[in-house]
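Q: Following this message is one structure expressed as structure tokens.
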Amino acid sequence: MPLETQAKILRVLQERELERVGGNRTLKVDVRILAATNQDLEAKVQAGSFREDLYYRLKWSRIVLPALRERTEDCRPDRARLAAAATRLKREPKPLAADAYRALCAHE
Numbered sequence: 000m001p002l003e004t005q006a007k008i009l010r011v012l013q014e015r016e017l018e019r020v021g022g023n024r025t026l027k028v029d030v031r032i033l034a035a036t037n038q039d040l041e042a043k044v045q046a047g048s049f050r051e052d053l054y055y056r057l058k059w060s061r062i063v064l065p066a067l068r069e070r071t072e073d074c075r076p077d078r079a080r081l082a083a084a085a086t087r088l089k090r091e092p093k094p095l096a097a098d099a100y101r102a103l104c105a106h107e
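The letter at position 53 of the sequence shown is residue 52 when you use numbering that gives the first Met the number 0, and the numbering goes up by one with no holes.
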């Protein structure tokens, strides 16, 4: 994300206000931000490509989710979710083939 955009997001978080594109009024807002990245933001801060003040604003609650390759037990298909997806797509529920399951678990 460009530093210019980071500054705008930081302003919204700190000041709780923004201006619409093409607008001429400042609007008061109450927002929550959920951010996700696969980048090392601490390294980006050190390199100067991510604002330190925005990093600390976003960092207050952090959830680290290991890659699926590090938690292969999670690649087991959930029958209830597969059934719900089949219902949503108006199809018959089908079990995941054993070969497909092995491929899913072996894939990094």
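All residues carry an ideal CB built from backbone N, CA and C; glycine is no exception.
All of these numbers come straight from a predicted model, not from anything done at the bench.
In this structure, does DSSP put Thr4 in helix, strand or coil?
A: Residue 4 sits at position 5 when you count from the first residue of the sequence shown. It is helical.
Q: Can you name, in chain order, every residue of its own chain whose Cβ lies under 6 Å from the Cβ of Ala127, other than the five neighbours on each side?
A: The structure shown does not extend to residue 127, since the chain is modelled only from 0 through 107, so no value can be given for it.
Q: Ignoring anything shorter than 4 residues, give me the alpha helix (DSSP H) runs that lie fully in the region 36-93, in order along the chain.
A: 40-46, 51-57 and 78-87
Q: Please classify Arg24 as buried or exposed, where buried requires at least 16 other C-beta atoms within 10 Å of its C-beta.
A: Position 25 of the sequence shown, counting from 1, holds the residue named residue 24. By the 10 Å Cβ count, Arg24 comes out exposed.
Q: Look up Glu14 in the DSSP assignment and give the residues it is bridged to.
A: Locating residue 14 in the sequence shown gives position 15, counting from the first residue. DSSP output for Glu14 lists no bridge partner at all.
Q: I need the straight-line Cα distance from Gly47 to Tyr55, nearest angstrom please.
A: In the sequence shown, residue 47 corresponds to position 48, counting from 1. In the sequence shown, residue 55 corresponds to position 56, counting from 1. Going from the Cα of Gly47 to the Cα of Tyr55 covers about 14 Å.
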